[in-house]
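Report on the structure given below.
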Amino acid sequence: MKSYVLSLMGFFLVIVTPAFSQLDKPILTSKDSTVASAWVLGLGINIVDDSATPFGDEFLNIKDTWHAVPYPSRISIGRFFKSGIGLEAIGTYNRYKEGKIVNGAINDELREYFGVDGKISYDLNKLIGYTGWFDPYIHVGGGYTSIGDEGVATGNAGFGFNTWFSDRWGLNLNTMGKWGLEEDSNKHIQHSAAVVYRFGIEKELTKKGVEKLALLEAMEKEQQRVNDSIAAANRAKEEAALAERLAQERERQRLAEAERARLAAEKKERDRINGEIAALGNVYFAFDSYTLNTDSKKVLDGLAQIIKKNPGLTVKIASGTDSRGPASYNKGLSQRRVDATKKYLLTKMVKQDKVVTQAYGEENLLNDCDGSKACSEKEHSINRRSEFFVESFQLSIIE
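With numbering that gives the first Met the number 0, the residue at position 315 of the sequence shown is 314, and numbering never jumps.
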């Protein structure tokens with residue numbers, strides 16, 4: 000009963016408890032972590048709006064005020080930190096075409112644009128929370144811009160965002176206002192789009208990921224407690240099973256020892272009975288006869304007593320002939336002899352199932368008188384017999 004209860008308890012703890020615990024178990028995924036710091040390399044295009052009134056009526060006059068070239072014109076390298084602060088260096092190239100508006104006037108000649116800028120940015124995800132693919136930021140900085148033969152130092156400010164397709168690859172869109180630090184110097188807006196690649200990545204969990212991790216640790220601690228309980232229940236069950244196996248083993252040993260003792264006693268008794276049967280001798284028949292004479296009946300009377308005294312005994316009667324005469328005839332004659340022998344035993348109140356018979360014919364001679372040489376009558380008579388064997392014996396049978 001104790002073993003059954005322990006088994007039931009172990010089944011409940013192992014199967015039912017984990018099943019319930021898995022229902023609401025959170026799983027940390029890639030969405031629960033974000034890139035905390037990395038180097039970012041960018042390559043793309045820049046568009047310069049040099050309309051002199053970047054936020055005025057000409058802001059969206061793309062045809063007349065926006066300048067661009069049909070090939071990569073912006074390269075950047077930056078380092079972004081866990082604090083949300085980023086440092087970035089940017090190099091740009093462009094061309095001011097004739098007929099476009101520059102500083103509020105029509106540009107009358109082709110002029111090349113070069114810009115080198117540095118900026119400090121702040122990741123707005125630190126304020127609004129991690130938003131997955133959307134990574135907005137604001138930035139300020141300064142630089143130097145050369146337009147044709149004129150160069151000017153600028154102060155810069157702007158905003159932008161990254162859209163990340165994986166931990167490494169993304170798209171950057173940015174707008175930056177650039178104001179010349181000298182009075183009445185050039186001011187313009189620079190828009191850019193670039194493919195960006197992150198390397199030297201360090202990752203950390205998002206706020207939601209940290210909460211999940213804390214919950215997972217608490218659940219693992221509880222699971223460990225459950226596992227300890229399961230282990231204790233399993234140990235108790237194993238100890239009970241071991242005790243039961245030891246008891247069964249002791250019982251098997253006792254039964255095996257008893258069986259060995261029984262078999263030894265049975266062999267001893269069987270050997271004794273074999274000795275008694277051997278001492279009786281065989282029943283012999285006259286030539287071409289199956290009639291029992293007086294001596295033969297005395298032998299069978301003794302055999303009947305042995306059978307009745309030993310309830311577990313079954314005797315085999317085997318009868319044969321000498322080699323004279325046809326083999327088929329001798330086979331039938333030996334069958335009549337064995338039948339006569341058995342019939343007499345049955346008249347002595349021996350049960351039929353205690354006797355089995357076999358007719359040899361001339362196939363099981365006791366000497367070499369097989370017709371290949373001349374033998375005396377005495378030698379032939381040895382083969383005209385019924386002999387007796389212990390067919391089976393069981394000491395435990397009680398009738």
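Just so it is clear, CB atoms sit at the ideal spot from N, CA and C, and this is done for glycine as well.
key: Continuous beta strand (DSSP E) stretch holding Leu42: start and end   = 32 to 48
Beta-carbon contacts of Gly159 that lie in its chain and below 7 Å, excluding the five residues immediately before and after = Tyr136, Asn171, Leu172, Asn173, Thr174
ask   = Can you tell me whether DSSP reads Glu108 as helix, strand or coil?
value = coil
message = Using only CA atoms, which one of Tyr95, Asp63, Lys99, Lys118 lies nearest to Leu86?
response = Lys118
query = Which value, in whole angstroms, describes the spacing of the CA atoms of Glu258 and Glu268?
reply = 15 Å
request  = Would you decide whether Ile306 is buried or exposed? Buried here means 16 or more other CB atoms lie within 10 Å of its CB.
outcome  = buried
inquiry  = Within the continuous alpha helix (DSSP H) that includes Gly103, where are the two ends?
reply    = Run containing Gly103: none; DSSP gives neither H nor E here.
Distance CB(Val314)-CB(Phe392) smaller than 7 Å = no
request  = Report yes or no: do the segment 138 to 145 and the segment 106 to 124 share at least 3 C-beta pairs separated by less than 8 Å?
outcome  = yes
key: Per-residue burial, Ala339 [other beta carbons within 10 Å of its own, 16 or more giving buried]   = buried
inquiry  = Under 8 Å, with one C-beta from each stretch per pair, do the segment 243 to 251 and the segment 367 to 376 reach the 3-pair mark?
reply    = no
Of the residues Arg261, Ala37, Thr205, the one placed nearest Ile127, counting alpha carbons only = Thr205
task = Report all residues from its chain with a CB closer than 8 Å to the CB of Glu149; omit the five preceding and five following residues, and keep chain order.
result = Asn185
message = Quick check on DSSP: helix, strand or coil for Lys440?
response = Not covered by the structure: residue 440. The range shown for the chain is 0 to 398.
key: Between the CA atoms of Gln334 and Ser327 - distance to the nearest angstrom   = 11 Å
inquiry  = DSSP has Pro69 in a bridge; who is on the other side?
reply    = Its beta-bridge partners do not exist; DSSP assigns none.
inquiry  = For His379, which residues in the same chain have their Cβ closer than 8 Å to its Cβ, ignoring the five residues on either side in sequence?
reply    = Phe286, Asp321, Ser322, Arg323, Cys368
key: Delimiting residues of the beta strand (DSSP E) encompassing Glu248   = No beta strand (DSSP E) holds Glu248; the alpha helix (DSSP H) holding it covers 206 to 279.
key: Top-ranked residue by Cα proximity to Gly169, from Val195, Lys220, Gly179, Gly147   = Val195
query = With a Cβ-Cβ cutoff of 7 Å, do Gly208 and Ser72 count as a contact?
reply = no
message = Less than 7 Å between CB atoms is the rule here; does Gly41 satisfy it with respect to chain D?
response = Here chain D cannot be found, since the structure has a single protein chain.
request  = Just grab the DSSP bridge partners of Glu201 for me.
outcome  = Ser36
request  = Select from Arg78, Ile74, Leu262, Asp107 the residue whose C-alpha is nearest the C-alpha of Gly98.
outcome  = Asp107
task = Quickly, what does DSSP pair Ala152 with across the bridge? List them, please.
result = Tyr143
query = For Thr293, does the three-state DSSP call read helix, strand or coil?
reply = helix
ask   = Near Leu214, what residues of its chain come up, given a Cβ to Cβ distance below 7 Å and the 5 sequence neighbours on each side ignored?
value = Pro25
ask   = Does DSSP classify Glu362 as helix, strand or coil?
value = coil
key: Counted within 10 angstroms of its Cβ, other Cβ atoms place Lys308 as buried (16 or more) or exposed   = exposed
Val389: first and last residue of the uninterrupted alpha helix (DSSP H) it sits in = Per DSSP, Val389 belongs to no alpha helix (DSSP H); it is in the beta strand (DSSP E), 384 to 392.
ask   = Who are Thr356's beta bridge partners in DSSP?
value = Ile316
query = What is the DSSP secondary structure of Leu299, reduced to helix, strand or coil?
reply = helix
ask   = Per DSSP, Met175 forms a beta bridge with which residues?
value = Gly157, Gln189
request  = For Leu345, I'd like the list of residues in its chain whose CB is within less than 7 Å of its CB, leaving aside the five on either flank, ordered along the chain.
outcome  = Gln351
query = Where does Val337 sit, in a helix, a strand or coil, going by DSSP?
reply = helix
query = What are the boundary residues of the alpha helix (DSSP H) that Glu376 is part of?
reply = 376 to 380
ask   = Under three-state DSSP, which class holds Ser288?
value = coil
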